[in-house]
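Oh and the sequence shown: position 587 is 1092 in my numbering, straight run, nothing missing.
Here's the structure we're looking at; comments come further down.
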Amino acid sequence: MDHFTLNGQMASLDAADHSPLIDTLRSAHGLTGTKLVCGAGVCGACTVLVDGAPTVSCLSPCSSVAGKAVTTVEGIGATGLHPVQRAFMANDALQCGFCTPGFIVEAAAFHDAWRTAHGTRTPERAEIAEALSGHLCRCGAYAGIYRAVAEACAGTFDGTAEISTRLEARQKVTGAAKYTVDIQLPGQLEGVIARAHIPHGRITSIDMTAARAIPGVSAVVALAAVGDTVRYNGAPIAAVAARDRATAVAARDAIKFGITALPAATGAAAASAGNAPLVYPGFFDRPANASEGVVLPSRWKGNRRGPNAAFSLKPAEAKAAIAAARTKADPLLVEGRWTTEAQCHTCFEPHAALASFNGDRLTVYLSTQAISHMAGAIAKHAGLAEDKVEVIAEHVGGGFGSKLSLTSETVAAVALARAAKAPVRVAYDRHEELSVAGYRPGADMQLALLPSASGALSAITFSATADSGIAVNSAIATLARLMYTADAKFLADYDVVSHLPPGAPFRGPGGPVMAFALEQAVDAAAEKLKVDPIALRQRWDADANRQRLYNWASALPLWQQRQPTGAATGRLRRGVGIAAGSWLYWWQAEGELELAVVGGKLAVRSSVQDMGTGSRTLLATTLAQSFGLKPDEITVDIGRSSLPHGPISGGSRATATLVPQALTAAEKLKMRLRRLAKGKAGDNQPWREVIAASADVAVRSDRPEDSTTLSPGLQSPLAGVGYMGTVFDFILRKFVGVTTGRGGQGAVGIAEVEVDTWTGHTRLLRYATGLAIGKPQVPRLAQSQVEGSIIQGLGYALYEGRQLDAATGAVLSAGLEDYRIPGIADVPEMHIHFDEQGFEHVAGGGVGVGEIAGVPVAAAIANAIYNATGNRAYALPMRPDRIMAAQSIRRSA
């Protein structure tokens, strides 16, 4: 038996143990701050110090640290926070926090070496990027990380004072924050799922005998039945629970199931062929849902569902006008075909569930964006009363839309826990996360715009076909109804189902896809009309919120100094492009929030979750401002379904729900406290004193005040600009529990790129964005959300695209080494402007920002590439090979 030093304490290890060091740190020593994400040394989340040198623990065998000193993130802050930790807290250099410990360890080592060599000289941006190049953050917190590391190295945080924007920041920078994958219950087992390896077939047998016979296996359950149809490679068949993951994997591989292969169509192109096998041949088949909305009835023709053209305006006239313009070769007609590929959510905390029964009561620790909703879904699936199920999510390591529904990790964990009579955790590995956990559906879009000679928009036809595997309900073309006023519009959304895993909502679902086509077409129309692209948008766009943003954008030096398209020469060519976007303001109709005085302190309770968006801090800040307190003086209790029903974190509805609820509850509580305090200290007594002197008292607030909602037939902004209307609002209320509010969110983005015409490589240099969301309740958190949206939009534009084996339907993107997401060196200079008008009718004065900020990013980058090169981008991602394929780029010295 050998020894090593772990965070300053002697620890033993087996010299023959060649398992990854991260397993020993997390399991044997309970140091869960070290996170497993990629398992391949790519992301940096598992970084520890070995004799002071940053080392990825997922690739380091335990035996390699014999006689050495290992320091984890828990050791970095053990005797007082490191300057880097304080800097991360102050600069909000984190969001979900799952990658944060790895960044902290590496940045602390860089800081210490830098200070020794350079004193308090501030490192350059490139020096920080090089030092942290081995780390990835899917939330896109890089801008804050740059600021934090630079300021820490400059000595700004050498003292002991702690300044934090987020309530939970200290937990995250010290590794104390517990995510679902970090929970360890007594007797806990590890579960894995056996999956199909063909894209289409019928299950003929499931033999779990050999798996059950393996020592250490506690339960094996079927997740499908003989006779069921397999519709994609990776479909769940069975699940195993065992004493450790290695045993569970061995048992999974021992399960034998027979599947009679059937003809398969993998991808929309194959599924659209005349002789393609049907994915859903039965009348009662229920497709998976790729959207957050309800799946409404629609027409089917083979594997093609749709069109959903309910939000068109004079569609026949629109099609006739475009057809006539095409026949006459109208020089103002703009038309084209744009395509996009699947973008994987790539959450760093994988989909994970830990289920535990206590008699007839079920507790599920779950990485989810919808605690209350999932409690009901789990209860229904497990055949339990809803009050017998509690869902807990103290911290969530990212979701971006993929963790809104009941998926196989939760189904398997519950079934295995019931069978094993012990707690069971099921957590996806990285390949599962990239293959079966959801993705932004790809799309094929045909779009035509016809301006009139006077410059008005006469007609638009926009047909979008979503490629979302076995799922349906994508909305892409429909969202164009939110943008520009036209005399006639034909907007049609189709789904083509195929034998691939289901797509899922992804941050502004449909919005970035729609904007990639529409915003390039608008730029092309501006070129034909010989007008400024911003001026044309101002002419066509009736939205008052975006009109203010256009005025802001047109005054930016970045735009005013833009060169004409084709003016750039030489190998490296710079260009500037603009794009706009829209999103709906909505909030969750059902739910309650409880505000109380408990032991002389203000406390708020809601079963909302915090996946890095800042729900805790949002509630605390809102209430602190109302009562004249500091946010850390308020106790925030969230993350459990047993609390008052909270909103889903999806569609930018959480902020728009929580703030009005909190303000309403605050007014109710103030009224009660005034009555209780009357005659004791008078009405002028500070609320801090009233609260401290009060006995326990609580109030509940239901949905926000009616004045914030869209009343049927009254000041409907949707009807006012000619789209959607109150029928849409009724459907959302009835089937999704969401209410549409007055006013839409708006965004305008301006991108500056540099294109290497010899290699096709594109760099995003600067990105300026204006956002019409009203007044941000917590500006620093809102800025972090926007920065993250821009980074994810950058990845969508230039890098991200899932790779498939067309023959087998297998997802070939197996890990972060071959699915490229933006790193810290890819981050542009960002300028963010919040337009604080337009939502004065909303309690708190503002709405959410998580979806809208990312809508125009890819389109703005595409328009910038056109400005630089004179070549239009018709496919995402805009990879170097696609840039080089453009015919008019010529190599130049």
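Where a beta carbon is used, it is the ideal one built from N, C-alpha and C, also for glycine.
When the Cα atoms are used, Ser638 and Asp1331 turn out to be separated by approximately 10 Å. Taking all protein chains in view, the Cβ of Arg1180 is surrounded by fewer than 16 other Cβ atoms within 10 Å, so the residue is classified as exposed.
The continuous beta strand (DSSP E) containing Ser517 extends over residues 514 to 518. When the alpha-carbon of Ser910 is set against those of Ala1200, Pro1284, His878, Leu1023, the nearest one is in His878. Annotation for Asn808: no alpha helix (DSSP H) segment contains it, and DSSP assigns it neither H nor E. The C-alpha of Asp1000 is placed about 16 Å away from the C-alpha of Gly779. When DSSP states are grouped into helix, strand and coil, Leu954 belongs to the strand group. With fewer than 16 neighbouring CB atoms inside 10 Å of its own CB, Pro786 falls in the exposed class.
Beta-bridge partners assigned by DSSP to Pro566: Pro525.
Under the Cβ criterion (8 Å, minimum of three pairs), the region 1054 to 1064 does not count as touching the region 866 to 884. Gly841 is not a Cβ neighbour of Ala1020, given a cutoff of 8 Å. Of Lys677, Thr661, Ala545, Ala976, the smallest CA-CA separation from Tyr737 is found for Ala976. At a Cβ-Cβ threshold of 8 Å, Val654 and Val589 count as neighbours. With a cutoff of 8 Å on beta-carbon distance, Val1258 and Ile1370 are scored as near each other. In this structure, DSSP gives Ala971 an extended state, which the three-state scheme calls strand.
Leu1174 and Arg748 have their C-alpha atoms some 50 Å from each other.
Ranked by how close their Cα comes to the Cα of Cys548, the residues Thr1374, Arg630, Glu1341, Cys642 have Cys642 in first place.
With 16 or more neighbouring CB atoms inside 10 Å of its own CB, Asp949 falls in the buried class. The residues Cys563, in chain order, have a CB closer than 6 Å to that of Pro525 in the same chain once the five nearest residues on each side in sequence are set aside. Residue pairing of Trp1091 in beta bridges, as defined by DSSP: Thr1245. Secondary structure of Ile650 (DSSP, three-state): helix. In the DSSP annotation of this structure, Ile719 is not part of any beta strand (DSSP E), being labelled neither H nor E. For Leu694, the closest alpha carbon among the candidates Ser1003, Lys824, Ala917 is that of Ala917. Gln1290 sits close to Val1354, with the two beta carbons spaced by under 8 Å. Between the C-alpha atoms of Ile827 and Asp992 there is a straight-line separation of about 12 Å. Setting aside the 5 residues that flank it on each side, Ala922 is surrounded in the same chain by Ala860, Ser861, Phe862, Pro928, Val929, each with a C-beta closer than 7 Å to its C-beta; the list follows chain order.
With respect to the 8 Å criterion, Gly1008 and Pro946 are classified as neighbours on the basis of their beta carbons.
Distance from the CA atom of Gln848 to the CA atom of Tyr1301, rounded to whole angstroms, is 7 Å.
Leaving aside the five residues that flank Val1103 on each side, the residues in its chain whose CB is nearer than 6 Å to its CB run, in chain order, Asp1201. Taking Thr983 as the centre and dropping the five residues before and after it, the same chain places the C-beta of Asn813, Phe816, Leu996, Asp998 closer than 7 Å to its C-beta, in chain order. For the pair Leu1286 and Pro1327, the CB atoms are not nearer than the 8 Å cut-off. For Asp507, the beta-bridge partners assigned by DSSP are Leu518.
Take the alpha-carbon of Glu1356 and the one of Tyr651: they are about 24 Å apart. With contacts defined as CB atoms closer than 8 Å, Gly1306 and Pro704 fail to qualify as a contacting pair. For Arg866, the three-state secondary structure derived from DSSP is strand. The C-beta of Asn1189 has fewer than 16 other C-beta atoms within 10 Å across all chains shown, which makes the residue exposed.
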